[in-house]
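Sequence order for the protein chains is Z and B. Heads up: the first sequence at position 73 corresponds to 73 in this note's numbering, and the numbers run straight through without jumps. Heads up: the second sequence at position 51 corresponds to 161 in this note's numbering, and the numbers run straight through without jumps. Comments concern the structure below.
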Amino acid sequence: GENVEQHPSTLSVQEGDSAVIKCTYSDSASNYFPWYKQELGKRPQLIIDIRSNVGEKKDQRIAVTLNKTAKHFSLHITETQPEDSAVYFCAASSRYKLIFGSGTRLLVRP
Amino acid sequence: EAGVTQSPTHLIKTRGQQATLRCSPISGHTSVYWYQQALGLGLQFLLWYDEGEERNRGNFPPRFSGRQFPNYSSELNVNALELEDSALYLCASSGGTRGNTGELFFGEGSRLTVL
Numbered sequence: 001g002e003n004v005e006q007h008p009s010t011l012s013v014q015e016g017d018s019a020v021i022k023c024t025y026s027d028s029a030s031n032y033f034p035w036y037k038q039e040l041g042k043r044p045q046l047i048i049d050i051r052s053n054v055g056e057k058k059d060q061r062i063a064v065t066l067n068k069t070a071k072h073f074s075l076h077i078t079e080t081q082p083e084d085s086a087v088y089f090c091a092a093s094s095r096y097k098l099i100f101g102s103g104t105r106l107l108v109r110p
Numbered sequence: 111e112a113g114v115t116q117s118p119t120h121l122i123k124t125r126g127q128q129a130t131l132r133c134s135p136i137s138g139h140t141s142v143y144w145y146q147q148a149l150g151l152g153l154q155f156l157l158w159y160d161e162g163e164e165r166n167r168g169n170f171p172p173r174f175s176g177r178q179f180p181n182y183s184s185e186l187n188v189n190a191l192e193l194e195d196s197a198l199y200l201c202a203s204s205g206g207t208r209g210n211t212g213e214l215f216f217g218e219g220s221r222l223t224v225l
């Protein structure tokens, strides 16, 4: 069935360092790959997304890369700040719905 | 512009009872999605409604059901509640078409506790 795997489940970095979260998906027809950030007690919010006709997309300190052949996509956060601490979810479209990964809890140590 | 709104914020039920959760999408959005987020876990897809019809459902038993009204609002019903149904239920709406999945806008969620 449709599946998205996300690693690592937890990630602790020093402020200013980079953080990388990786996901793989199973549905070869997936063509939309968003990343959501969920702060404690709040709703998930989109931070960046990419479509299958693009290999990389950047927005200030965050970037996403997509390898369709390998069915991998990754989130890169540079110059991390304490306010980046949250749970991050990757997702892949599959038959007009989004399948989410299990989430990565990112802790940025001041 | 109002975002996705959900009610109630919190709901406490006992095993065997029924729960009804409600969602109003962003104005102009016709698609409504329901996800279950159990404590410490990810978002599990429950149901997708579009233009008043159920278009897809996740791997949940039939006691999870719902509907979408002509104004595109939606409700999720959970019958014969079990302890493991305790979770945050998130509703999301999308302006994407069926041929072009787009951003999901989430509500704040309804936290269901089953005792």
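We treat Cβ as the ideally placed atom computed from N, Cα and C, and that holds for glycine. On a predicted model such as this, the values are computed, not experimentally measured, just so you know.
Identity of the residues DSSP links to residue i by a beta bridge
i: residue 68 (chain Z); result: DSSP lists no partner for residue 68 (chain Z).
i: residue 34 (chain Z); result: Z:49
i: residue 88 (chain Z); result: Z:37 and Z:104
i: residue 170 (chain B); result: For residue 170 (chain B), which the question treats as bridged, DSSP gives no partner whatsoever.
i: residue 120 (chain B); result: B:221
For residue j and residue i, the rounded distance between their alpha carbons
i: residue 38 (chain Z); j: residue 82 (chain Z); result: 14 Å
i: residue 153 (chain B); j: residue 198 (chain B); result: 9 Å
i: residue 142 (chain B); j: residue 193 (chain B); result: 26 Å
i: residue 55 (chain Z); j: residue 125 (chain B); result: 48 Å
i: residue 205 (chain B); j: residue 77 (chain Z); result: 28 Å
i: residue 42 (chain Z); j: residue 116 (chain B); result: 13 Å
i: residue 118 (chain B); j: residue 128 (chain B); result: 14 Å
i: residue 136 (chain B); j: residue 190 (chain B); result: 30 Å
i: residue 71 (chain Z); j: residue 14 (chain Z); result: 29 Å
i: residue 163 (chain B); j: residue 178 (chain B); result: 7 Å
i: residue 51 (chain Z); j: residue 168 (chain B); result: 23 Å
i: residue 211 (chain B); j: residue 6 (chain Z); result: 21 Å
i: residue 73 (chain Z); j: residue 4 (chain Z); result: 10 Å
Enclosing beta strand (DSSP E) for residue i [first to last residue]
i: residue 163 (chain B); result: 163–167
i: residue 187 (chain B); result: 184–188
i: residue 40 (chain Z); result: Here residue 40 (chain Z) belongs to no beta strand (DSSP E), and DSSP marks it neither H nor E.
i: residue 24 (chain Z); result: 19–25
i: residue 130 (chain B); result: 129–134
i: residue 5 (chain Z); result: 4–7
i: residue 141 (chain B); result: 141–147
Residue burial classification, residue i (beta-carbon count within 10 angstroms, cutoff 16)
i: residue 19 (chain Z); result: buried
i: residue 217 (chain B); result: buried
i: residue 139 (chain B); result: buried
i: residue 69 (chain Z); result: exposed
i: residue 59 (chain Z); result: exposed
i: residue 157 (chain B); result: buried
i: residue 112 (chain B); result: exposed
i: residue 151 (chain B); result: exposed
i: residue 122 (chain B); result: exposed
Neighbourhood of residue i by C-beta, 7 Å cutoff - its chain only, sequence neighbours within 5 removed
i: residue 17 (chain Z); result: 80
i: residue 175 (chain B); result: 187
i: residue 86 (chain Z); result: 37, 38, 39 and 106
i: residue 93 (chain Z); result: 30, 31 and 32
i: residue 161 (chain B); result: 140
beta-carbon residue i near the ligand SAH non-hydrogen atom, thresh 6 Å
i: residue 194 (chain B); result: This structure simply doesn't include the ligand SAH, nor any ligand for that matter.
Contacting residues, own chain, Cβ-Cβ under 6 Å from residue i (five flanking each side not counted)
i: residue 103 (chain Z); result: 87 and 89
i: residue 173 (chain B); result: 189 and 190
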